[in-house]
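Residue numbers (my numbering): 460 to 870.
In what follows, a single structure is set out as C-alpha cells and then discussed.
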Ligand SMILES: [Zn+2]
C-alpha cells in the first residue's frame with residue numbers, strides 16, 4: 460500500500476515519516492545543504508525522483524556511511540526522471556541527502572525486500588568453452604518469497620542482444636539481494652515502481668560471473684525469447700542483458716565479461732545469428748543495429764557505460780570465434796562431414812565433394828567477410844589463397860539440408 464506525504468521543509472534537518480513497505484516522501488533541498496531523513500523502519504533499497512534533470516547538480520546520498528552520487532537512471536520508466544536504484548549492502552533506516560544546487564522537489568521511494576533464503580554458495584559462475592547454455596540461477600530460485608510476475612509474457616524472435624549496466628553499486632557483493640530489489644522496483648505499481656510485468660531484463664550478470672535468469676517464460680516460452688523492458692521502448696527482437704555495476708569509468712570484471720561471452724555465444728548459436736553482423740531493428744525505422752549492441756545505440760543514454768561499450772567490439776569478435784569453434788566441434792563426424800574434404804596444396808585450398816549432391820561453399824574471414832563462394836559444387840573446387848594474410852579462416856559447406864563450418868589456418 461502506498462501512502463503519499465508531501466512535506467516541504469526549508470529549515471528542518473530531520474524528517475520522520477511513517478510508511479508501509481513502499482512509501483514516498485517529497486521535499487525541497489536548498490543550495491549547498493544537507494537533509495537527514497529518519498525512516499520508520501528498515502528498508503533495502505531507495506530511488507530518488509526529480510522534477511527536472513539534475514545532471515548539472517552534484518547530489519549525493521549517504522547511507523550506512525557510504526556516500527553515493529546520484530546519476531540519472533537510463534532505465535527509468537518513460538516520463539519520469541529518477542536516480543539509479545540504490546541497494547546498500549545492509550538495510551537502512553536513515554539517510555542524508557546532500558546537494559550543491561537548489562532542487563525544487565525531490566521524491567523518495569523506499570522498498571523493503573526480505574533477504575533471500577538462497578545461500579551465496581548456490582550462485583554459480585558460468586565459464587564455458589563451448590556454446591552450451593551457461594549455468595544460470597533461475598527466477599524461481601532468486602525470487603523465492605516475492606510475488607510472481609504478471610501472467611502472459613510476450614514472445615519475441617531475438618536478433619539483437621542489448622548490453623546494459625545497472626548503474627548501481629560496484630562493491631555490493633550481495634548479488635541475489637540486488638537482483639531481488641531490481642525485480643521489486645521494476646514490478647511494483649507506480650508511482651513507487653515501474654509497474655512492469657516482470658524484471659526488465661532477460662538476464663542479469665553479477666561481477667563474479669553469476670548469471671541470473673530475468674524474464675520468466677512461465678512454461679510458455681524460453682525466458683530469453685520473452686520480450687523485456689530495457690531498450691528505449693523498442694524491445695521487440697531484443698534480449699536484454701544487464702551487468703551489475705556502473706562502468707562509466709570503472710573497468711568491468713573479467714569474470715563478468717566471460718559470462719557475458721558465454722551467454723552471447725550460446726544465444727547466437729541457438730538463434731543461428733552471426734555475432735558480428737547487424738540486422739535492421741524492427742522498430743528503428745530501417746536502421747541497422749549490431750547483433751551485439753549497447754543500450755546507447757538505441758537512444759540517448761550513457762548505458763552500458765563507456766568502459767563496457769568500448770569492449771563490445773572485442774566481445775563480438777570473441778563471440779564469433781567461439782561460435783565458429785562450437786560449430787566445428789559439433790559437426791565433426793556428422794553425416795555431411797565425410798562427404799567433403801579440405802586440402803591446401805600450392806597455395807590453393809581445394810574442397811572436394813565426395814557426394815552426388817551439390818554443395819554450396821563459402822570461405823569467410825574470422826570477421827565474417829566473404830572471401831570466396833561457389834554454389835552447386837560437384838567434384839572439386841579450388842580457391843587461390845596465396846594473397847590472404849596468415850591467420851584463421853572459416854569454410855561453410857551447405858548441402859542436403861545440412862551445414863558444417865570448418866576452421867582452416869593459412870600459414
Ligand atoms: Zn541500459
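No residue lacks a Cβ here, since even glycine has one placed at the ideal position from N, Cα and C.
Everything numeric in this text was worked out from a predicted model, so none of it was measured.
For the options 726, 635, 698, 716, the alpha carbon positioned closest to that of residue 604 is the one of 635. Relative to residue 672, the option among 696, 709, 707, 719 whose CA is nearest is 719. At a cut-off of 8 Å, the beta-carbon of residue 612 does not count as near ligand 1: no heavy atom of the ligand is closer than that. Contact annotation, residue 640 with residue 546: C-beta distance approximately 5 Å; criterion of less than 8 Å satisfied. Between residue 766 and residue 709, the CB-CB gap stays under 9 Å. For residue 746 against residue 740, the beta-carbon gap comes to about 7 Å, under 8 Å, which counts as contact. Of the heavy atoms belonging to ligand 1, at least one sits nearer than 8 Å to the Cβ of residue 754. Sequence-distant partners of residue 557 (beyond 5 residues in either direction) whose C-beta falls short of 6 Å from its own C-beta, in its chain, are 493, 519.
The stretch 760–777 and the stretch 523–539 touch, with three or more beta-carbon pairs separated by less than 8 Å.
Under the three-state reduction of DSSP, residue 690 is assigned to coil, being neither helix nor strand. Under DSSP, the beta-bridge partners assigned to residue 843 are 807. Under the three-state reduction of DSSP, residue 754 is assigned to helix.
Counting only residues of its own chain and dropping the five nearest sequence neighbours on each side, residue 780 has a CB closer than 7 Å to the CB of 825. Taking C-alpha positions only, residue 566 is separated from residue 527 by approximately 17 Å. The residues 618, 619, 620, 727, 732, 733, 734, 735, 736, 737, 738, 775, in chain order, have a CB closer than 8 Å to that of residue 750 in the same chain once the five nearest residues on each side in sequence are set aside. Beta bridge pairing from DSSP links residue 861 with 858. Using a Cβ distance threshold of 9 Å, residue 867 and residue 852 count as a contacting pair.
Considered as a whole, the stretch 645–680 harbours 662–664, 670–672 as its complete beta strand (DSSP E) runs of no fewer than 3 residues, in chain order.
Here the stretch 656–666 lies against the stretch 641–648, with 3 or more beta-carbon pairs under 8 Å apart. If you draw a straight line from the Cα of residue 623 to the Cα of residue 700, it is about 6 Å long.
Here residue 536 carries a coil assignment [DSSP, helix/strand/coil]. Residue 806 is classed as exposed because its beta carbon has fewer than 16 other beta carbons within 10 Å across all chains shown. Each residue's CA atom was taken as its position, placing residue 725 and residue 782 some 8 Å apart. For residue 763, the shortest separation between its Cβ and any heavy atom of ligand 1 lies below 8 Å. Per DSSP, residue 716 is not a residue of any beta strand (DSSP E); the alpha helix (DSSP H) it occupies stretches across 713–730.
A direct Cα-Cα distance of roughly 39 Å separates residue 499 from residue 613. From the listed residues 869, 818, 562, the smallest Cα separation to residue 848 is found for 869. Per the C-alpha coordinates, the member of 505, 502, 510 positioned closest to residue 487 is 510. Of the heavy atoms belonging to ligand 1, none sits nearer than 8 Å to the Cβ of residue 645.
Annotation: residue 571 is outside any beta strand (DSSP E) and is labelled neither H nor E by DSSP. Look at residue 766 here: in three-state DSSP terms it is helix.
Residue pairing for residue 701: DSSP places it in a beta bridge opposite 623, 663.
Non-local C-beta neighbours of residue 829 in its own chain, meaning closer than 8 Å and more than five positions away in sequence, comprise 821, 822, 823, ordered along the chain.
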